[in-house]
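Following: one structure in structure tokens, then a few remarks.
The following block contains the structure:
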């Protein structure tokens, strides 16, 4: 590869493990092999990433899945039109609670099995008991209002009959501060990516009660958000980058590379945490607290199960939750914006020359696959799912009005 | 209520920079300036202060929390938007380049807020320049120390005068097209690896 790369690309990321595919693309030569000089900038907040994309400092960035939707829907103080041609993985989050809340939940039948329904039922009973005794509502933290964390936490609570608007309080805390806030009693629980859940377990100050992979199996988390104006000006650079990310993601998924990947992420300029604390997300083997441990299937997938495909049904599910919690009004215009944000067409055209398995559809009925299923696709060997929600609900992206209506009327089943 | 001057809240963990911003605001005639270094209990402070303008450094990891609070919290009686005027792209770029963001309550006239943002941007830039210069001075001092050590090594091992030792370093640097401090660094490192300690 010549010193003068064909494409100069600048990208932002947050020091979280699920930036790994982007970081590895830059650090391990996948970008260079596609003729890209990839410059990575570590940021301190999602707001900074949004601002720097908006004014053109970054061409693209590691983003929360709903963040580009929020930008395009005008929900943020500063924004530029942002598209999603690549997803950085499925799963990876947990819900962690304080020892005091865990004790209260155990008294109401909770067990260290991560079962969302069982944990939610126990939490509801504990919350009602506290309310009856006149205590303040429990306070949960998420990383950002427009995040998978916020929407999956609320989905879980509402599905278990807890009103997240009235029965608990939800605040925003940056991921690295979660464990400290829990230990200090400023919050009672939180939903965040790894390693910030295992951090509380290791410190003896928290219990993991459920995980994203069980709330909604193989569900979307972080994405590559791209400044749309740049994507339109530089289609070849973007396609080259998507191929680099594809090769990087495949490499990240392979267990043979996990030790090396953890070593790269451990560097101070990236995640900056020792390799040992990165093992739970890489292996799905979680310590839950109090000595309990469990292996979680598909805990975090950077590549398998078409993890990098930007399903429009993922974006549309986020949109339904934005509507559900009053972040945006459900109008034909807003729905159209949400529908156009994720761009499987760009993913497909960039990867087509590689001859790899690509989904034929742009959207799928979420929750329909009860077991891992080989699906019709270009190329060979594409396995999807299972993709079930913990409560057995189905999200059909062709029936959005009905889905939104059902959540408005009946999902909080007391 | 009609206000004569705007209430400005500066949130910055860097105390020196915050003091510089505060001084600038006071010089510009803003009496109601509050500086906060730690965001603990910030909701209560905002309720007390009722700021018209909030200035936050971009390095603050709590920006997401603060933005969410501006939009939702009961502590904030009027909605707070970002920057003076979203259409004023040049101002926004200048601010982000300088490492500062500003939030203003809705409905404030642009001409009342813009001088505050401009002042914050220029003071942030001045602070960065100062920090950079300080860093350069530190580096310069460090280099001088290393060059002195390299001279000492040469004087001792080759029996040179101080002037001859310096001339040798300078000539070597010129011949290799490198900085004299780089040559000195290499020499000190090599001496440390090869011989007994030269200067202890």
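Protein chains in written order, with the working numbering: chain A, 20 to 433; chain B, 917 to 1116.
C-beta atoms are modelled at their ideal positions from N, C-alpha and C, and glycine is treated no differently.
Note the first and the last residue of the continuous alpha helix (DSSP H) segment covering residue i.
i                      : result
residue 942 of chain B : 931-943
residue 262 of chain A : 254-272
residue 875 of chain B : Residue 875 of chain B lies beyond the residue range present for chain B, which begins at 917 and ends at 1116; the question has no answer from this structure.
residue 51 of chain A  : 49-52
residue 231 of chain A : 231-234
residue 241 of chain A : Note, residue 241 of chain A: premise wrong, no alpha helix (DSSP H); beta strand (DSSP E) at 241-246.
residue 363 of chain A : 363-370
residue 434 of chain A : With chain A covering only 20 through 433, there is no way to say anything about residue 434 of chain A.
residue 146 of chain A : 135-151
Are the CB atoms of residue i and residue j nearer to each other than 9 angstroms?
i                       : j                       : result
residue 946 of chain B  : residue 924 of chain B  : yes
residue 227 of chain A  : residue 217 of chain A  : yes
residue 76 of chain A   : residue 29 of chain A   : yes
residue 176 of chain A  : residue 191 of chain A  : no
residue 1038 of chain B : residue 1015 of chain B : no
residue 68 of chain A   : residue 27 of chain A   : no
residue 385 of chain A  : residue 406 of chain A  : yes
residue 108 of chain A  : residue 42 of chain A   : no
residue 292 of chain A  : residue 220 of chain A  : no
residue 409 of chain A  : residue 335 of chain A  : no
residue 57 of chain A   : residue 260 of chain A  : yes
residue 114 of chain A  : residue 179 of chain A  : no
residue 345 of chain A  : residue 232 of chain A  : no
residue 1033 of chain B : residue 1073 of chain B : no
residue 969 of chain B  : residue 922 of chain B  : yes
residue 1110 of chain B : residue 1096 of chain B : no
residue 282 of chain A  : residue 294 of chain A  : yes
residue 70 of chain A   : residue 1017 of chain B : yes
Out of the options, point me to the one whose CA is closest to residue i's CA.
i                       : options                        : result
residue 100 of chain A  : A:56, A:247, A:135, A:51       : A:247
residue 416 of chain A  : A:303, A:192, A:270, A:340     : A:340
residue 130 of chain A  : A:42, A:73, A:310              : A:310
residue 51 of chain A   : A:332, A:23, A:160             : A:23
residue 85 of chain A   : A:331, A:382, A:277            : A:331
residue 1027 of chain B : B:1050, B:1058, B:999          : B:999
residue 65 of chain A   : A:317, A:347, A:79             : A:79
residue 278 of chain A  : A:296, A:96, A:193             : A:296
residue 979 of chain B  : B:958, B:1052, B:1111          : B:958
residue 207 of chain A  : A:418, A:146, A:230            : A:146
residue 427 of chain A  : A:400, A:349, A:256, A:95      : A:349
residue 244 of chain A  : A:58, A:83, A:424              : A:83
residue 1069 of chain B : B:1108, B:1031, B:1036, B:1049 : B:1108
residue 32 of chain A   : A:160, A:363, A:242, A:298     : A:242
residue 171 of chain A  : A:111, A:352, A:121            : A:111
residue 251 of chain A  : A:234, A:164, A:362            : A:362
residue 338 of chain A  : A:327, A:260, A:355            : A:355
residue 95 of chain A   : A:149, A:122, A:164            : A:164
residue 195 of chain A  : B:960, B:964, B:981, B:969     : B:981
residue 290 of chain A  : A:214, A:326, A:71             : A:214
residue 316 of chain A  : A:234, A:98, A:294, A:166      : A:234
residue 421 of chain A  : A:382, A:119, A:343            : A:343
residue 333 of chain A  : A:87, A:97, A:276, A:389       : A:87
residue 1061 of chain B : B:1103, B:1023, B:1029, B:1093 : B:1103
residue 119 of chain A  : A:149, A:105, A:103            : A:149
residue 383 of chain A  : A:403, A:275, A:294, A:376     : A:403
residue 1066 of chain B : B:1076, B:1101, B:1047         : B:1101
residue 256 of chain A  : A:53, A:380, A:34              : A:53
Could you spell out the range, first to last residue, of the beta strand (DSSP E) harbouring residue i?
i                      : result
residue 55 of chain A  : 55-61
residue 356 of chain A : Not the beta strand (DSSP E): residue 356 of chain A falls in the alpha helix (DSSP H), residues 351-360.
residue 965 of chain B : Premise fails: residue 965 of chain B lies in the alpha helix (DSSP H), 958-965, not in any beta strand (DSSP E).
residue 205 of chain A : Taken as a continuous stretch (DSSP letters only), residue 205 of chain A belongs to no beta strand (DSSP E), as it is neither H nor E.
residue 26 of chain A  : 26-32
residue 306 of chain A : 304-308
residue 997 of chain B : 996-998
Members of the stretch 115-129 of chain A that neighbour chain B once the beta carbon cut-off is set at 7 angstroms: none
Between the stretch 64-87 of chain A and chain B, which residues of the former have a C-beta closer than 9 angstroms to a C-beta of the latter? Answer set for the stretch 64-87 of chain A: 64, 65, 66, 67, 70, 71, 73, 74, 75, 76.
Residues within the stretch 968-986 of chain B neighbouring chain A, beta-carbon criterion of under 8 angstroms: 974, 975, 976, 977, 978, 979, 980, 981, 983, 984, 985
Taking three-plus beta-carbon pairs below 8 angstroms as touching, is the stretch 266-276 of chain A in contact with the stretch 310-322 of chain A? yes
Contact set between the stretch 375-403 of chain A and chain B, restricted to residues whose Cβ is under 8 angstroms from the partner: If the cut-off is 8 angstroms between Cβ atoms, the stretch 375-403 of chain A has nothing near chain B.
On the three-pair Cβ rule with 8 angstroms, is the stretch 370-382 of chain A touching the stretch 198-208 of chain A? no
Inter-stretch contact (C-beta, 8 angstroms, three-pair minimum) for the stretch 33-52 of chain A and the stretch 122-129 of chain A: By the criterion of at least three beta-carbon pairs nearer than 8 angstroms, the stretch 33-52 of chain A is not in contact with the stretch 122-129 of chain A.
Evaluate contact between the stretch 55-64 of chain A and the stretch 132-146 of chain A, counting only Cβ atoms and requiring at least three cross-stretch pairs below 8 angstroms. no
Could you check whether the stretch 975-987 of chain B touches the stretch 935-942 of chain B, counting it as contact only if at least three pairs of C-beta atoms, one from each stretch, sit closer than 8 angstroms? no
Of all the residues that make up the stretch 180-192 of chain A, which are near chain B by a beta-carbon distance shorter than 8 angstroms? 190, 191, 192
Using a Cβ cut-off of 8 angstroms, which residues of the stretch 151-167 of chain A contact any Cβ in chain B, in chain order? Of all residues in the stretch 151-167 of chain A, 162, 163, 164 have a Cβ within less than 8 angstroms of some Cβ in chain B.
Using a Cβ-Cβ cutoff of 9 angstroms, what residues of the stretch 196-216 of chain A are near chain B? List them in chain order. 196, 205
Report the residues of the stretch 88-113 of chain A with a CB closer than 7 angstroms to any CB of chain B, ordered along the chain. 96, 97
Could you list the residues in the stretch 924-957 of chain B with a C-beta less than 9 angstroms from some C-beta on chain A, going in chain order? 956
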